[in-house]
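Novice: First to last, the sequence lines map onto chains A and B. What the first sequence shows, in our numbering, is residues 2 to 336, in sequence order. What the second sequence shows, in our numbering, is residues 2 to 336, in sequence order. The beta carbon of each residue, even a glycine, is placed where N, CA and C say it ideally should be. All values reported here derive from a predicted model rather than from experimental measurement.
There are 2 protein chains.
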Amino acid sequence: MKPITLKDIAKALGLSPSTVSRAMKDNPAISVQTRERVQAYAAEHKYKPNTLAMQLRTNRVNTIGVIVPEIVHYFFSTVLAGIQDEAEKKNYNLLFCLSNEDYEREVKSVETLLDARVCGILASQSKSTRSFDHFQEIIDNKVHLVFFDRICTGINTDKVVVDDYAGAFNAVEYLISTGCRRIAFLGATPWLPIANNRRMGYEDALRKHRLPIEKELNQVCDTVDLAKVIIPQMLSLDPPPDAFFCINDEVAAYCIQITKSTGLDVPEDVSVCGFTNSYLTEVTYPKLTSVDQHGYRMGEVAARLLINRIEGKETKPGIVSRLIKTKLVVRESTK
Amino acid sequence: MKPITLKDIAKALGLSPSTVSRAMKDNPAISVQTRERVQAYAAEHKYKPNTLAMQLRTNRVNTIGVIVPEIVHYFFSTVLAGIQDEAEKKNYNLLFCLSNEDYEREVKSVETLLDARVCGILASQSKSTRSFDHFQEIIDNKVHLVFFDRICTGINTDKVVVDDYAGAFNAVEYLISTGCRRIAFLGATPWLPIANNRRMGYEDALRKHRLPIEKELNQVCDTVDLAKVIIPQMLSLDPPPDAFFCINDEVAAYCIQITKSTGLDVPEDVSVCGFTNSYLTEVTYPKLTSVDQHGYRMGEVAARLLINRIEGKETKPGIVSRLIKTKLVVRESTK
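#1: Assuming ALA24/B and ILE31/B make a contact with CB atoms under 8 Å, what is their CB distance in whole Å?
#2: Would the C-beta of LYS8/B count as close to the ligand COA, meaning under 7 Å from any of its heavy atoms?
#3: Is GLY83/B near GLY300/B, with beta carbons less than 8 Å apart?
#4: Report yes if the C-beta distance between THR64/B and ASN94/B is below 8 Å; otherwise report no.
#5: In terms of residues, what are the limits of the alpha helix (DSSP H) holding VAL21/A?
#6: Specify the secondary structure class of LYS345/A as computed by DSSP and reduced to three states.
#7: Just to confirm, is the Cβ distance from GLY66/B to LEU114/B under 8 Å?
#8: The stretch 83 to 97 of chain B: which residues have C-beta closer than 9 Å to a C-beta of chain A, in chain order?
#9: Can the beta-carbon of PRO70/B be found closer than 8 Å to that of LYS160/B?
#10: Just list the residues that DSSP pairs HIS135/A with in beta bridges.
#11: Kindly list the residues whose CB is nearer than 7 Å to the CB of TYR280/B, restricted to its own chain and excluding five residues on each side of it in sequence; keep chain order.
#12: Against ILE72/A, what residues of chain B qualify as contacts under a CB-to-CB distance less than 8 Å, listed in chain order?
#13: Going by Cα to Cα distance, which pick from VAL271/B, VAL252/B and GLU251/B is closest to THR260/B?
#14: Per the DSSP calculation, PHE97/B is bridged to which residue(s)?
#15: At what residues does the alpha helix (DSSP H) containing GLN85/A begin and finish?
#16: TYR255/A versus chain B: which residues are under 8 Å apart at the beta carbon?
#17: Excluding the 5 residues preceding and the 5 following ASN171/A in the sequence, name in chain order all residues of the same chain whose CB lies nearer than 6 Å to its CB.
#18: Go ahead and label GLY155/B buried or exposed: buried means 16 or more other beta carbons lie within 10 angstroms of its beta carbon, across all protein chains shown.
#19: What distance in whole Å lies between the Cβ atoms of CYS120/B and VAL144/B, which are believed to be in contact at a cut-off of 8 Å?
#20: If you draw a straight line from the alpha carbon of GLU107/B to that of ILE214/B, how long is it in whole angstroms?
#21: Taking CB distances under 8 Å as the criterion, tell me whether ILE101/A reaches chain B.
#22: Is the Cβ-Cβ distance between ARG151/B and ILE195/B less than 8 Å?
#23: Report back the beta-carbon spacing between ILE248/A and LEU324/A to the nearest angstrom; my notes put them in contact at under 8 Å.
#24: Indicate the three-state DSSP secondary structure (helix, strand or coil) for LYS317/B in the structure shown.
#25: Classify LYS8/B as helix, strand or coil using the three-state DSSP reduction.
#26: Measuring CB to CB, does PRO268/B end up less than 8 Å from PRO287/B?
#27: Helix or strand or just coil, what does DSSP make of ALA189/A?
#28: For ASN219/B, which residues does DSSP report across the bridge?
#29: Do you know how far the Cα of GLY180/B is from the Cα of SER334/B?
#30: For a cutoff of 8 Å on Cβ pairs, would you count LYS109/B as touching chain A?
#31: Which residues in chain A sit within 9 Å of TYR75/B, going by Cβ to Cβ distance?
#32: Counting contacts by CB-CB distance shorter than 8 Å, is TYR280/B in contact with chain A?
#33: Under 8 Å, Cβ to Cβ, is there at least one residue of chain A near GLN40/B?
#34: Report the rounded CA-to-CA distance for TYR104/A versus VAL111/A, giving the unit in angstroms.
#35: Between which two residues does the beta strand (DSSP E) carrying GLY202/A extend?
#36: Flag ARG58/B as yes if its beta-carbon sits less than 8 Å from any beta-carbon of chain A, otherwise no.
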């Protein structure tokens, strides 16, 4: 007679295999009645756990995979630090994969982590990702998935995001309050929700103060290479912008350099505001005003949410969505 | 009768199990005679490959693990970029672990990567690591190991390093040639070979030009937090240093800020030189002179060496040691 498997027990009792597995291990997330029912059925049918399969499953118990688009920017480095500290506290190991803003690498990263038999994945999508089957595959493999920062709206799963809209709205409103009237937005690819939300915050602040929204002042400019091309173009407009609201601190730091190199003063002629609040804010001259995204906190919250899902402690059946608040830190690069 | 295993064949023929395994797969790294001998013996004894074990081994074929101490600094980010591009070209997947400069995390990272059954590991040791058994364990598990940048002198394996000594010597000699006579060295923990080599380069340049080596001008100062304490102390010496040679660009960027905040001019009164040549060099004011470490190239070379070992293409029996040359990039922060 073929030995009975976990799946057979699940089918016979109308439960999911993971419930049966947890019931066999006396996991407190499963009701005492269910545990007793499962264990009685297993004993009656002489269920023997497959030790090799168990070993494979054991490997999965305490390793979490993390997919990040890049690590050159301070923001993702601090998110990883938060993830790592939280994982360590709860005794989980971490494996990281870098997508390098590339869709193909992101797909490969998912496969590599599933092959490594992680028990959960934290992911922030790449700029170039427009198709999401690989994320669905994680869920279909019964591996927990939590998105952070760059979420993917097409996939039904938990997420932790920054209040990009409010962060941008408040920063732009602050620039307006200091007298700026022609504020440029150096943004990112519009299909990233973070970029779209910040653009909407920027535009709504202008609207609220009855300032025109001008297309030529709103461009994708999220890398140093783009900054070197687009900022001089904007500064040669007539009249030039009197403020730049930038998608990250690197672009803002270059914006200060480029603006000063054209003979304009920062902040007298042109205000510059970044987003991240990285250590770059302290080494630019003048020091950079920036929106603090609290990356470390985001990492902690995302890791905690994932671990609670893995351990059955987060029992909310629908999607859990956590919001990290931003804070404008005013320094010397704005009037 | 118990089925014959790879190990049995290896023992019977006086070969290593990995040679037998490669001979069975017709790997060209194994001589034709050996392949024929192994295959004949296997056929005669009705050797059947264990498919589950094979599958486990297959998982190992194309994933490389990488252990880095931190990623907040530009240097390691660029090394990872080089590793990733090279791995991608050769069709290998990557799993990263962060030790966060912590010995315990480094040990855990080794275990996590071995559990994930990687076929090779690239590692740069943490600042706090003084015991090396975990690295020896990698080798004992027959997993290839290549150190990069922060090598561990107690372990006999391939390595890729920067010519830290020459990089420091040339930078300090350049500072002397511009008229600096009281050059401070902001270094790192002395048991890291990179820090030790740079200190020796610094001291030898002073010796060559008959300048005194002063203990109070040579301190461990490799983080922003230390910079905020130690740089003001050094500037309050009588007389203060007329140049700082810094272990990384972050410390150098803060050094510029702190020096200027005391009323001294950079570079008129005090020259500042960094190490890495990161994008920070372009956003400080004045722009930062720095030693280019070619991190991307180091990543490529290390990944190539490891992959060649894995594929049996690097056949040199002893230790392979590759040196990446540095280059001083002079900007505005030095006289």
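Specialist: Considering the structure as presented:
#1: 5 Å
#2: Of the ligands one can find in the structure shown there are none, so the ligand COA has no counterpart to examine.
#3: yes
#4: yes
#5: 18 to 25
#6: Here chain A comprises residues numbered 2 to 336, so residue 345/A is not present and cannot be evaluated.
#7: yes
#8: GLN85, ASP86, GLU89, ASN94, LEU95, LEU96 and PHE97
#9: no
#10: Note: HIS135/A sits in no beta bridge, so no partner.
#11: TYR75
#12: ILE72, SER78 and LEU81
#13: VAL271/B
#14: PHE97/A and VAL67/B
#15: 75 to 90
#16: GLU283 and VAL284
#17: LEU329
#18: exposed
#19: 7 Å
#20: 35 Å
#21: In the sequence as displayed, the identity of residue 101/A is Asn instead of Ile. Yes, ASN101/A counts as interfacial toward chain B.
#22: yes
#23: Not quite, the Cβ-Cβ distance comes to about 19 Å (not below 8 Å), so this is no contact.
#24: coil
#25: helix
#26: yes
#27: coil
#28: PHE186/B
#29: 14 Å
#30: yes
#31: VAL73
#32: yes
#33: no
#34: 11 Å
#35: Note, GLY202/A: premise wrong, no beta strand (DSSP E); alpha helix (DSSP H) at 194 to 209.
#36: Confidence at ARG58/B is low in this model, with a pLDDT of 44, below 50, so the placement of that residue is unreliable and no value is reported for it.
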